[in-house]
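Worksheet: the structure to be examined is printed underneath.
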Amino acid sequence: MRKLVYWVHQSVDGFIEGPNGEFDWATMEPELSEYSFALTDRADTFLYGRKVWELMSWYWPRAEEMSPDPHDLRFAPIWARTPKIVISHTLESAEYGARVIGRDLAAEISELKAQPGKDLLLTGGSGAAAALTDLGLIDEYHVAVHPVVLGGGTPVFPGKDRLALRLTGTRGFDERVVLLRYERA
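When you line the sequence shown up against the numbering used here, it's residues 80 to 264, in that order.
This is the structure in structure tokens:
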């Protein structure tokens, strides 16, 4: 069975966006970039919540024109060729061949996980991750903690009741970022 892996960047104080929605603090330096590509290699489908989808679908088709960053230049063609799924109750369709799901999230994700293939990679955001966590559908949490305190913003798990997790690994990257890997306890 395929796994659903949640890959997220957060501040030391637990936010994925600053108070004004900013995400200018997460840096993708060489070691962290390589780790993200290893996660990408494990997956054959990318999942996004609606808000993250809007950012990704705006940026990645233009990344090669907009950015000289080696990570961006390497990831742009991967993003273009990888099947994408958007989790949303409001979108009817999405560009770039993405499929929209969300009417019966538990059944739709369970069906995806039962299909043959590589893992499913849910990137960023908090709404879709919280919904999938509530349904017990996320198998692994890969949390990259960046050395910044935002003092407010969007929490990784908004309005979440207690959730027991089991630490499965830690790792430092680029003398800046700490990765915490968890599974449900």
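We treat Cβ as the ideally placed atom computed from N, Cα and C, and that holds for glycine.
| message | Within a Cβ cutoff of 8 Å, which residues of the same chain sit near glycine 204, ignoring the five residues on either side of it in sequence? | response | Val87, Ile95, Tyr127, Gly128, Lys130 and Val131
| request: Please name the residue, chosen from Asp198, Arg245, Arg260 and Val235, that lies closest to arginine 81 on a Cα-to-Cα basis. | output: Asp198
| message | Quick check: what's the CA-CA separation for leucine 242 versus valine 222? | response | 15 Å
| query | Using a Cβ-Cβ cut-off of 6 Å (strictly less than) and excluding sequence neighbours within five positions of leucine 211, which residues of its own chain qualify? | reply | Ile217
| Can threonine 124 and proline 162 be called in contact, C-beta distance under 8 Å? | yes
| Do you know offhand how far glutamate 171's Cα is from alanine 177's? | Their backbone Cα atoms lie some 11 Å apart in a straight line.
| In its own chain, which residues sit with a C-beta less than 8 Å from the C-beta of proline 98, not counting the 5 before and 5 after it? | Leu229, Gly230, Gly231 and Gly232
| query | If you follow the beta strand (DSSP E) that valine 131 is part of, which residue opens it and which one closes it? | reply | Element bounds for valine 131: not the beta strand (DSSP E) but the alpha helix (DSSP H), 129-138.
| task | Give me the Cα-Cα distance between valine 227 and aspartate 120, rounded to the nearest whole angstrom. | result | Rounded to the nearest whole angstrom, the C-alpha separation of valine 227 and aspartate 120 is 28 Å.
| task | Give the DSSP-derived three-state secondary structure of phenylalanine 125 in the structure shown. | result | strand
| Under a Cβ-count criterion, where at least 16 other Cβ atoms within 10 Å of its own Cβ denotes burial, should isoleucine 188 be classed as buried or exposed? | buried
| With distances taken from CA atoms, which of Glu174, Trp137, Leu152 and Met135 is nearest glutamate 143? | Leu152
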